[in-house]
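S.K.:
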Amino acid sequence: DTAVSQTPKYLVTQMGNDKSIKCEQNLGHDTMYWYKQDSKKFLKIMFSYNNKELIINETVPNRFSPKSPDKAHLNLHINSLELGDSAVYFCASRPNGLSFGGNEKLFFGSGTQLSVL
Amino acid sequence: QKEVEQDPGPLSVPEGAIVSLNCTYSNSAFQYFMWYRQYSRKGPELLMYTYSSGNKEDGRFTAQVDKSSKYISLFIRDSQPSDSATYLCAVPLFSGGYNKLIFGAGTRLAVHP
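Quick look at the structure:
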């Protein structure tokens, strides 16, 4: 069973379109994240939810809107896609977002490769 | 200055070589240090973590922290082609009441037979 699953795996779309990426985790974790990885492999946090509550909101254009219907799901909707949005988007989860004891690792999905043409 | 700096490489070594991967960090308050490994077209996976200073060994992998120079290292002994991946160092950063994991840029490693 896949622990953190994202769909779709690949997304190719035109500039100006609106698209969504879905994420589900079956680990019973409280905290979920969206990370963006650019072409140089730099992995940057975008958002985090803890028990459906937004706890981290980095400096991300408001065209990006996360939604967490329950603690097992965290979706990412992107409006008016731009060329610069092309990247790999990773969903991740961990037991809770309150602290890092060193052994509380992030579990990542396999990523969604978004290409904006 | 970024919280974590890492040379992106790429680094190419022959099989059996000892590999040294390094990061520097800016905040002396950081306590935990992690190394993630990311294979092509996969998400990162935690490889090792260390607390404070010193070494931690796990098989062919050794993680080392030098807090005096704010330097973290990952050594791979007897490197194998299966070690070919991107290695990302990471530190938890406390901000806005919550911890978030900050990653270095990642170093791409290729081990050739």
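Order-wise, the sequence lines are chains X and G.
Counting from 1, one number per residue, gives the positions in the first sequence under this note's numbering.
Counting from 118, one number per residue, gives the positions in the second sequence under this note's numbering.
Glycine is no exception: its CB is placed at the ideal position from the N, C-alpha and C atoms.
Determine which residues of the region 45–67 of chain X have a Cβ less than 8 Å from any Cβ of chain G, and write them out in chain order.
M.R.: I45, S48, N50, I55 and I56
S.K.: I'd like to confirm the pairing. Which residues does DSSP put opposite G:T203 in its beta bridges?
M.R.: Its beta-bridge partners are G:Q155 and G:R225.
S.K.: For a cutoff of 8 Å on Cβ pairs, would you count G:T179 as touching chain X?
M.R.: Contact with chain X is absent for G:T179, since none of that chain's Cβ atoms lies less than 8 Å from the residue's Cβ.
S.K.: Anything in chain X within Cβ reach of G:K159, meaning under 7 Å, just list it in chain order.
M.R.: Result: S110.
S.K.: Since G:D183 sits in a beta bridge, which residues does DSSP pair it with?
M.R.: G:Y188
S.K.: Please decide whether X:L43 counts as near chain G, where near means a Cβ-Cβ distance under 8 Å.
M.R.: yes
S.K.: I need the DSSP call for X:P95, collapsed to helix, strand or coil.
M.R.: coil
S.K.: Among X:L117, X:V116, X:L114 and X:K105, which has the Cα closest to the Cα of X:M32?
M.R.: Here the closest residue by C-alpha is X:K105.
S.K.: So the candidates are G:Y166, G:A202, G:L191 and G:E120; which of them puts its Cα closest to the Cα of G:R177?
M.R.: Closest by alpha carbon: G:L191.
S.K.: Using a C-beta to C-beta distance shorter than 9 Å, which residues of chain G count as neighbours of X:K40?
M.R.: Going along chain G in sequence order, the residues near X:K40 (Cβ under 9 Å) are P125, A222 and G223.
S.K.: Does the distance between the C-beta of G:G126 and the nearest non-hydrogen atom of the ligand ADP fall short of 7 Å?
M.R.: Ligands displayed in this structure: none; no statement on the ligand ADP is therefore possible.
S.K.: If we require 3 or more residues per run, which beta strand (DSSP E) segments fall completely within the region 13–46 of chain X?
M.R.: 19–25 and 31–37
S.K.: Is the beta carbon of G:G223 sitting closer than 8 Å to the one on G:Q123?
M.R.: yes
S.K.: I'd like the list of long-range same chain contacts for G:D195, defined as Cβ closer than 6 Å, with 5 residues on each side in sequence excluded.
M.R.: G133 and R177
S.K.: What is the rounded straight-line gap between the Cα of G:I219 and the Cα of G:L205?
M.R.: C-alpha separation (whole angstroms): 10 Å.
S.K.: Where do the N-terminal and C-terminal ends of the beta strand (DSSP E) with X:Q113 fall, by residue?
M.R.: Note, X:Q113: beta strand (DSSP E), T112 to V116.
S.K.: What number of angstroms, rounded off, separates the C-alpha of G:Y166 from the C-alpha of X:G84?
M.R.: 33 Å
S.K.: Helix or strand or just coil, what does DSSP make of X:L106?
M.R.: coil
S.K.: Name the DSSP beta bridge partners of G:I219, please?
M.R.: G:V208
S.K.: Kindly list the residues whose CB is nearer than 6 Å to the CB of X:V88, restricted to its own chain and excluding five residues on each side of it in sequence; keep chain order.
M.R.: Q37, G111 and Q113
S.K.: What is the DSSP secondary structure of G:P198, counted as helix, strand or coil?
M.R.: Looking at G:P198 - three-state DSSP - the assignment turns out to be helix.
S.K.: Drop a sphere of 10 angstroms on the beta-carbon of G:K119, count the other beta-carbons inside from all chains shown, and report buried for 16 or more, exposed for fewer.
M.R.: exposed
S.K.: Going by the DSSP bridge assignment, what does G:I193 pair with across the sheet?
M.R.: G:V136 and G:F178
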